[in-house]
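Quick note on my numbering: the sequence shown kicks off at 1 and runs consecutively.
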Amino acid sequence: MPWRSILVLVAACSLVARVSPAAAQSGQATQLDAARALANAGLELFKGGRYQQALERFQSAERIHHAPPHVLYIARSLVKLGRLVEAVDAYRSLAEERIDPGAPKVFEAARADARVELERVVPRVAALTVEVVGEGVTVQLDGRAIPVVRGQPIDLDPGEHHVTATKPGMKAQERIVRVGEGETATVRFELPVSPIESPEPAPPPSLVGPVVLIAVGGAGLALGGVMGGLALGKRNALDDACPDPSACAADNRALEEDGRTFGHVATAGFVVGGVAAAAGVAWLLLALSEDDEAVAVLPYAAPGRVGVVGRF
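Below, the structure written as structure tokens:
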């Protein structure tokens, strides 16, 4: 470190300590003493290579009392820590600062050093160009959202960086970028306009229920038909054996009872089978309809007939 720079800081600290009696009475002397103590501590830490602690001391001193040497050593500490982008900002603010003609000469010397060192540090700053395909994309650099301007690189410190691109409804894309001093890296993200995803079609309705019900209805109707045929056969046999019902022998009573039983079973088979079949058909029509409200089918049963009623 140039002895001139050390002398500049020591002189600045001495100037900070010189206050008028009026200032001392107002409490400014205490603040200036604190700034001088912090700057001296920062200088010792800087000379010992403890740059983070030195940076903190110089920043604290600057917050208490502004002095160009404080800013100069803030920038130098940032350079030592590899935080070149922040160092350039600190150097530039000091290089562009207006120094009053009557200000201490160490202030002008600090500004002159800042201008020289700024020219050395600027070429060392790395850069990153982000290319994005798609609208509504948010890009983050090391967890901090950054604006993306096409073709405009972003200054950043040399080293490894984490770049993330996110877009609502799409999976985030991530890149790890390693860039050296003075280098420019480029990352590209493609998050095009996502097509409007149509909802998945509903699964087709299950036809097992209505088919089983129709089958049961068919079986009932078949049973009714068979029993009806048997009942009719018994009736015909009774008519042949006993033309005159008033003079019918007791042996023929069995034919009459069997015919009556078969008739009852046939009637029950027709009614139950008809209702089941009608209900199965109604269920099937509703299951196959695209608009449930457009189709309404209900089975009905009445003496001597069964069927369905509905709206189609």
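All residues carry an ideal CB built from backbone N, CA and C; glycine is no exception.
> Any contact of the stretch 159-174 with the stretch 112-121, i.e. 3+ C-beta pairs under 8 Å?
Replying inline: Touching, no.
>> Which residue wins for smallest C-alpha separation from Gly42, given the options Gln31, Tyr91, Ala61, Ala278?
In response: Mapped onto the sequence shown, residue 42 falls at position 42. Minimum Cα-Cα distance from Gly42 among the listed residues Gln31, Tyr91, Ala61, Ala278 corresponds to Ala61.
> My guess is that Val148 and Val132 are in contact by the Cβ rule of under 8 Å, so how many angstroms apart are they, rounded?
Replying inline: Working through the sequence shown from its first residue, we reach residue 148 at position 148. Working through the sequence shown from its first residue, we reach residue 132 at position 132. Between Val148 and Val132 a beta carbon distance of about 6 Å is seen, short of the 8 Å cut, so the two are scored as contacting.
> Where do the N-terminal and C-terminal ends of the beta strand (DSSP E) with Ala127 fall, by residue?
Replying inline: For the purposes of this step, residue 127 is identified with residue 127 of the sequence shown, where counting begins at 1. From DSSP, the beta strand (DSSP E) with Ala127 extends over 126-133.
>> For a quick check, are the C-beta atoms of Lys105 and Val137 less than 8 Å apart?
In response: In the sequence shown, residue 105 corresponds to position 105, counting from 1. In the sequence shown, residue 137 corresponds to position 137, counting from 1. In this structure, Val137 does not lie closer than 8 Å to Lys105 by Cβ.
> How far does the beta strand (DSSP E) with Ala145 in it reach, from first residue to last?
Replying inline: Indexing the sequence shown from 1 puts residue 145 at position 145. Residue range 144-146 is occupied by the beta strand (DSSP E) that includes Ala145.
> Using DSSP with H/G/I as helix, E/B as strand and the rest coil, what is Arg178?
Replying inline: Numbered from 1 along the sequence shown, position 178 holds the residue referred to as residue 178. Strand, per DSSP.
> How close, in whole Å, do the beta carbons of Val187 and Val130 come, if the pair is a contact with beta carbons under 8 Å?
Replying inline: Residue 187 sits at position 187 when you count from the first residue of the sequence shown. Residue 130 sits at position 130 when you count from the first residue of the sequence shown. About 6 Å separates the two Cβ atoms, so the contact holds.
>> Since Pro153 and Leu128 should fall inside the 8 Å C-beta cutoff, what is the C-beta to C-beta distance between them, to a whole number of angstroms?
In response: What you label residue 153 is simply residue 153 of the sequence shown in a count that begins at 1. What you label residue 128 is simply residue 128 of the sequence shown in a count that begins at 1. Going by Cβ atoms, the distance from Pro153 to Leu128 rounds to 6 Å, so yes, they are a contact pair.
> Can you give the beta carbon distance from Val121 to Ser93, rounded, assuming they're within the 8 Å contact cut?
Replying inline: Taking the first residue of the sequence shown as position 1, residue 121 is located at position 121. Taking the first residue of the sequence shown as position 1, residue 93 is located at position 93. For a cut-off of 8 Å, the C-beta gap from Val121 to Ser93 is around 13 Å, too long to register as a contact.
> Taking C-alpha atoms, which residue in Gln31, Leu78, Glu56, Ala185 lies nearest to Gly151?
Replying inline: Against the sequence shown, residue 151 aligns to sequence position 151. Considering only alpha carbons, the answer is Ala185.
>> From the DSSP secondary-structure annotation, give me the bridge partner or partners of Glu119.
In response: Within the sequence shown, the letter at position 119 stands for residue 119. Note: Glu119 sits in no beta bridge, so no partner.
>> Under DSSP, the beta strand (DSSP E) around His66 begins and ends at which residues?
In response: Looking up residue 66 in the sequence shown gives position 66. Following the DSSP letters along the chain, one finds His66 in no beta strand (DSSP E), marked with neither H nor E.
> What is the C-beta distance between Gln31 and Ile64, in whole angstroms, given that I count them as a contact (C-beta under 8 Å)?
Replying inline: Within the sequence shown, numbered from 1, the residue matching residue 31 stands at position 31. Within the sequence shown, numbered from 1, the residue matching residue 64 stands at position 64. With 8 Å as the limit, Gln31 and Ile64 qualify as a contact, their Cβ atoms being about 5 Å apart.
> Can you tell me whether DSSP reads Gln140 as helix, strand or coil?
Replying inline: What you label residue 140 is simply residue 140 of the sequence shown in a count that begins at 1. Gln140 falls in the strand class under three-state DSSP.
> I think Leu118 touches Val88, with their Cβ atoms under 8 Å apart; what is that distance to the nearest whole Å?
Replying inline: Position 118 of the sequence shown holds residue 118. Position 88 of the sequence shown holds residue 88. 7 Å between Cβ atoms; contact.
> Counting along the chain, where does the beta strand (DSSP E) carrying Arg188 start and finish?
Replying inline: Taking the sequence shown and counting its residues from 1, the one referred to as residue 188 is at position 188. Start and end: 184-190.
> For Ala78, which residues from the same chain have a beta carbon less than 8 Å from its beta carbon, with the 5 sequence-adjacent residues on both sides left out?
Replying inline: Here residue 78 refers to the residue found at position 78 when the sequence shown is read from its first residue. One point to set straight first is that residue 78 is Leu, not Ala, in the sequence displayed. Taken in chain order, the residues that qualify are Leu55, Leu84, Glu86, Ala87, Ala90.
> Who are the near neighbours of Phe189 in its chain, counting only those whose CB is closer than 6 Å to its CB and skipping five residues on each side?
Replying inline: Taking the sequence shown and counting its residues from 1, the one referred to as residue 189 is at position 189. Closer than 6 Å at the Cβ level, and outside the excluded window around Phe189, lie Val132, Ala165, Gln173.
>> If contacts are defined as beta-carbon pairs under 8 Å, then Ser35 and Phe58 qualify, I think. What distance do you get, rounded to the angstrom?
In response: Locating residue 35 in the sequence shown gives position 35, where the first residue counts as 1. Locating residue 58 in the sequence shown gives position 58, where the first residue counts as 1. According to the sequence shown, residue 35 is Ala rather than Ser. No, Ala35 and Phe58 are not in contact; Cβ-Cβ is about 10 Å, not under 8 Å.
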